[in-house]
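Asks: Pasting a structure below so you can have a look.
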């Protein structure tokens, strides 16, 4: 699950967003998205949308239902086309459009926008930042949005060592694959740069959780972290330097300083 804090020019308070994606086939997924307004302390937005991806064109289409406190229940269609500006994918130019129809199919509202999106992975520990600057074509208004994203683990990780990142040799040994339309069932977008995968992109796949990211994005992350940037599952743990076994869970309180030092020294030993 992806969670984020967002603030835009049209809002007067921070909003907490949560998003989950469920693959349906090789190029289609169900996306569930909700938001809570921190000013009123209550949910103010929910949507369920089926999204279809066309990796060769860097295009996505979506159709679904949306509820918010102002317009209540509406039907929604959307389309998006992305153009990477930089090789690392952190800066992109997006063209997108959407259409809302009320539940009686009597009123329709359409809009479109052109925007630049800039992603800063690992802005702070376990936190990514994204900025959007653009112009809405129908309303003829400029907009700015800021987003702080934190991906949370659903299950508790194994006891972790110092978060020092992976050694270069271990990092290069992680599997890679080239993205193709057949890969879209498992991989849709990189949660670090927030850009949809395109055919030919190199993806680094983390062996423990199976999550995939652009090679440049995840290599930068794993240079200073020892966990998956999406689910936070630990990729390294400290083993016993004598027997090579994993440490047992501690039930007698805090570890000794010597024990912590031993774990820190062995933090870059990769799990088989």
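In the working numbering, the protein residues as written are 228 to 499. For each residue, glycine too, the CB sits at the ideal point set by N, CA and C.
Classify residue 445: buried if its beta carbon has 16 or more other beta carbons within 10 angstroms, exposed otherwise.
Replies: On the chain shown, position 218 is the one that residue 445 refers to. That one is buried.
Asks: Measuring CA to CA, which of 319, 274, 323 and 457 is closest to residue 299?
Replies: Along the chain shown, one-based indexing puts residue 299 at 72. It is 274 whose Cα lies nearest to the Cα of residue 299.
Asks: Can you tell me which of the three DSSP states residue 404 falls into?
Replies: Your numbering for residue 404 matches position 177 in the chain shown. In the structure shown, residue 404 sits in a strand (DSSP, three-state: E or B).
Asks: Do residue 327 and residue 303 have their beta-carbon atoms positioned less than 9 Å apart in this structure?
Replies: Translated into positions along the chain shown, residue 303 becomes position 76. Translated into positions along the chain shown, residue 327 becomes position 100. Yes, Cβ-Cβ distance for residue 303 and residue 327 is below 9 Å.
Asks: Measuring straight from C-alpha to C-alpha, what distance separates residue 281 and residue 453?
Replies: Residue mapping note: residue 281 aligns to position 54 of the chain shown, counting from 1. Residue mapping note: residue 453 aligns to position 226 of the chain shown, counting from 1. If I take the Cα positions, the gap works out to 33 Å.
Asks: Excluding sequence positions up to five away, which residues of its chain have a Cβ less than 6 Å from the Cβ of residue 293?
Replies: For the purposes of this step, residue 293 is taken as residue 66 along the chain shown, with counting starting at 1. For residue 293, where only same-chain residues beyond five positions count, the Cβ hits under 6 Å are 274, 301 and 303.
Asks: So residue 312 is in the beta strand (DSSP E); what residue range does that whole segment cover?
Replies: Stepping through the chain shown from its first residue, residue 312 is reached at position 85. Element bounds for residue 312: n/a, residue is neither H nor E.
Asks: Please determine if the stretch 315-324 and the stretch 393-412 are in contact, where contact requires at least 3 C-beta pairs separated by less than 8 Å.
Replies: no
Asks: Between which two residues does the alpha helix (DSSP H) harbouring residue 442 extend?
Replies: Sequence index remark: in the chain shown, residue 442 carries index 215 (1-based). 442-449 is the span of the alpha helix (DSSP H), which, as asked, contains residue 442.
Asks: Could you pull out every residue in the same chain whose Cβ sits closer than 7 Å to the Cβ of residue 448, ignoring the five residues on either side in sequence?
Replies: As a first step, residue 448 must be located in the chain shown, where it is residue number 221. Excluding sequence neighbours, residue 448 sits near 348, 349, 419 and 456.
Asks: Closest to residue 260 by CA distance: which of 249, 440 and 266 is it?
Replies: Residue mapping note: residue 260 aligns to position 33 of the chain shown, counting from 1. When the alpha-carbon of residue 260 is set against those of 249, 440 and 266, the nearest one is in 249.
Asks: Measuring only the C-alpha atoms, how far is residue 360 from residue 423?
Replies: Within the chain shown, residue 360 is the residue found at index 133, counting from 1. Within the chain shown, residue 423 is the residue found at index 196, counting from 1. Looking at the two C-alpha atoms, the distance is approximately 19 Å.
Asks: Between the alpha carbons of residue 435 and residue 252, how many angstroms are there, rounded?
Replies: Taking the chain shown and counting its residues from 1, one reaches residue 435 at position 208. Taking the chain shown and counting its residues from 1, one reaches residue 252 at position 25. Their Cα atoms are separated by approximately 23 Å.
Asks: Kindly list the residues whose CB is nearer than 7 Å to the CB of residue 407, restricted to its own chain and excluding five residues on each side of it in sequence; keep chain order.
Replies: The residue given as residue 407 occupies position 180 in the chain shown. Within the same chain, residue 407 has close Cβ partners 426.
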